[in-house]
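J.: Chains as they are written, first to last, in the numbering used here: chain A, 49 to 263; chain B, 24 to 122. A virtual CB, placed ideally from N, CA and C, is assigned to each residue, including glycine. Sharing a structure with you now.
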Amino acid sequence: MQGSRFRDGVRAASPLAIAPVLFGASFGLLAVDAGMSWAGAILMSATTFAGSAQFAAASILDSGGGAAAAIVAAVLLNARYVPLSLSVASIFPGSRKRRLVEAQLIVDESWALAGRTGRFEYAVLIGVGVLFYVLWVGGTALGTVVGDLLDPEAIGLDAAFPALFLALLAPYLRTRRAVATAVAAGAITLVLLPFTPAGVPIVAASLASLIGLRR
Amino acid sequence: MTWLVIAVVGAVTILFKASGPVLLGGRELTPRVSSVVEVLAPAMLAALVVTQTVGGDRELVFDERLAGIAAGALAIRLRAPLLLVMVVAAATAALIRLF
Numbered sequence: 049m050q051g052s053r054f055r056d057g058v059r060a061a062s063p064l065a066i067a068p069v070l071f072g073a074s075f076g077l078l079a080v081d082a083g084m085s086w087a088g089a090i091l092m093s094a095t096t097f098a099g100s101a102q103f104a105a106a107s108i109l110d111s112g113g114g115a116a117a118a119i120v121a122a123v124l125l126n127a128r129y130v131p132l133s134l135s136v137a138s139i140f141p142g143s144r145k146r147r148l149v150e151a152q153l154i155v156d157e158s159w160a161l162a163g164r165t166g167r168f169e170y171a172v173l174i175g176v177g178v179l180f181y182v183l184w185v186g187g188t189a190l191g192t193v194v195g196d197l198l199d200p201e202a203i204g205l206d207a208a209f210p211a212l213f214l215a216l217l218a219p220y221l222r223t224r225r226a227v228a229t230a231v232a233a234g235a236i237t238l239v240l241l242p243f244t245p246a247g248v249p250i251v252a253a254s255l256a257s258l259i260g261l262r263r
Numbered sequence: 024m025t026w027l028v029i030a031v032v033g034a035v036t037i038l039f040k041a042s043g044p045v046l047l048g049g050r051e052l053t054p055r056v057s058s059v060v061e062v063l064a065p066a067m068l069a070a071l072v073v074t075q076t077v078g079g080d081r082e083l084v085f086d087e088r089l090a091g092i093a094a095g096a097l098a099i100r101l102r103a104p105l106l107l108v109m110v111v112a113a114a115t116a117a118l119i120r121l122f
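What follows is the structure, given as structure tokens:
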């Protein structure tokens, strides 16, 4: 049962598999340009495993921005993983140590696909997470050796992901409370985007979930 | 210096991701907490949609992604499966970039 749900996750994600490979390769290339060794680039993909923060850190280093600026930007970008992680806290079984390890498979895509039925499914999160992890780290390794495989923007991948998140948002919008929360979160993000460092708007938008306290 | 960045960012991200399952996991949530957690998913999805559609470097950027997501939204409206929604959005953005 668990095994088949795991495979469901992998199957749901496999058409998306080209993305982590291409973005991973772009990161590998950028990281080496920014002065990381190939081992450093791969280690970062293996431990941080979060595309936007890694790109931000590497491009700041690349433009001579310094370690402190790179760390602050990446940490702010990844702060959204606190609310994401809280939302799926109850689906992780087993010991504390096992939960610590398996929680590392939480990325935007695995988290979003795991909730596609409106209830978070552990096996889907793990299945998608493992697939993306292997391809992200592998793509990074490829990128440090062969450079850019293909420009993700040329094939429109940067438009595919917001559309994916929109498609996954749609089924939640059945209750008035969920609609109000989504609208408020979107508005907070839109207003803050021009004025705050990247990452802050998404974290601030999580406050919209306090609407849940209203009866 | 790059090693410092790799180590600190990696360590902090690992803690962020583990926060929910390690601190809250295996525990019954009170009704007040779970009613907030319930709407956390639509809130975060909406925020991701907005940042990935018009997000730039401390600015709003209106580019081909907008046309892509508009086409994607139409596909969602017509009950297209997930993959088709993504292909429609990507192809729309890519085609506009070609011309």
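For P141 of chain A, does the count of other Cβ atoms within 10 angstroms reach 16, so buried, or fall short, so exposed?
T.: For the purposes of this step, residue 141 of chain A is taken as the residue at position 93 of the first sequence. P141 of chain A should be labelled exposed.
J.: Between the beta-carbon of L132 of chain A and the beta-carbon of W159 of chain A, is there less than 8 Å?
T.: By one-based count along the first sequence, residue 132 of chain A stands at place 84. By one-based count along the first sequence, residue 159 of chain A stands at place 111. The answer is yes: Cβ separation under 8 Å.
J.: Which of the residues in the region 189-221 of chain A, read from start to end, lie with their CB under 8 Å from any CB of chain B?
T.: If the cut-off is 8 Å between Cβ atoms, the region 189-221 of chain A has E201, A202, I203, G204, L205, D206, A207, A208, F209, P210, A211, L212, F213, L214, A215, L216, L217, A218, Y220, L221 near chain B.
J.: Just to make sure I have the definition right: I need the residues of chain B whose C-beta is within less than 7 Å of the C-beta of G260 of chain A. Which are they?
T.: The count along the first sequence starts at 1 and reaches residue 260 of chain A at position 212. S58, V59, E61, V62, listed in chain order.
J.: By the DSSP assignment, the alpha helix (DSSP H) with V60 of chain B in it spans what residues?
T.: Here residue 60 of chain B refers to the residue found at position 37 of the second sequence. Note, V60 of chain B: alpha helix (DSSP H), 54-61.
J.: Just to confirm, are G260 of chain A and E61 of chain B a CB contact at a threshold of 8 Å?
T.: The residue given as residue 260 of chain A occupies position 212 in the first sequence. The residue given as residue 61 of chain B occupies position 38 in the second sequence. Yes.
J.: Restricting to runs no shorter than 4 residues, where is the alpha helix (DSSP H) found entirely within the region 64-149 of chain A?
T.: Counting whole runs of 4 or more residues, the region 64-149 of chain A contains the alpha helix (DSSP H) stretches 66-81, 86-95, 99-110, 115-126, 129-135.
J.: In chain B, which residues lie with their C-beta within 7 Å of the C-beta of T229 of chain A?
T.: Numbered from 1 along the first sequence, position 181 holds the residue referred to as residue 229 of chain A. Neighbours of T229 of chain A on chain B, chain order: V62, P65, A66.
J.: Can you give the Cα-Cα distance for P104 of chain B and V172 of chain A, rounded to whole angstroms?
T.: Position 81 of the second sequence, counted from the start, is the residue given in the question as residue 104 of chain B. Position 124 of the first sequence, counted from the start, is the residue given in the question as residue 172 of chain A. Near 17 Å, if we compare the C-alpha coordinates of V172 of chain A and P104 of chain B.
J.: Using a Cβ-Cβ cutoff of 7 Å, what residues of the region 30-46 of chain B are near chain A? List them in chain order.
T.: Residues passing the 7 Å Cβ filter: V31, V32, G33, V35, T36, I37, F39, K40, A41, S42, G43, P44, V45.
J.: Give a yes or no on whether 8 Å exceeds the smallest Cβ distance from L97 of chain B to chain A.
T.: For the purposes of this step, residue 97 of chain B is taken as residue 74 along the second sequence, with counting starting at 1. So no, L97 of chain B is outside the interface.
J.: Tell me, which residues are paired with G78 of chain B by DSSP?
T.: Counted from its first residue, the second sequence places residue 78 of chain B at position 55. DSSP, once it has assigned bridges, lists B:L83 as partnering G78 of chain B.
J.: Put T165 of chain A into one of helix, strand or coil per three-state DSSP.
T.: Stepping through the first sequence from its first residue, residue 165 of chain A is reached at position 117. Of the three classes helix, strand and coil, the one that applies to T165 of chain A here is coil, per DSSP.
J.: Since R66 of chain A meets chain B, which of its residues come closer than 9 Å, beta carbon to beta carbon?
T.: As a working note, residue 66 of chain A is residue 18 in the first sequence. The sequence given here places Ile at residue 66 of chain A; Arg does not occur at that position. Those within 9 Å of I66 of chain A in chain B number zero; the least Cβ separation is about 10 Å.
J.: Are G16 of chain A and V136 of chain A closer than 8 Å when you measure CB to CB?
T.: This structure leaves residue 16 of chain A out entirely; chain A is present only between 49 and 263.
J.: Beta carbons nearer than 7 Å to chain B: which residues of the region 101-119 of chain A have them?
T.: Residues A101, A105, L109, A115, A118, I119.
J.: Work out the CA separation of A207 of chain A and V251 of chain A for me, nearest whole Å.
T.: For the purposes of this step, residue 251 of chain A is taken as residue 203 along the first sequence, with counting starting at 1. For the purposes of this step, residue 207 of chain A is taken as residue 159 along the first sequence, with counting starting at 1. Approximately 22 Å between the Cα atoms of the pair.
J.: Give the DSSP-derived three-state secondary structure of E51 of chain B in the structure shown.
T.: In the second sequence, residue 51 of chain B corresponds to position 28, counting from 1. The answer is coil: DSSP assigns E51 of chain B none of H, G, I, E or B.
J.: So I17 of chain B and L91 of chain A are in contact, right, with Cβ under 8 Å, and what is the actual spacing, rounded?
T.: The structure shown does not extend to residue 17 of chain B, since chain B is modelled only from 24 to 122, so the question has no answer here.
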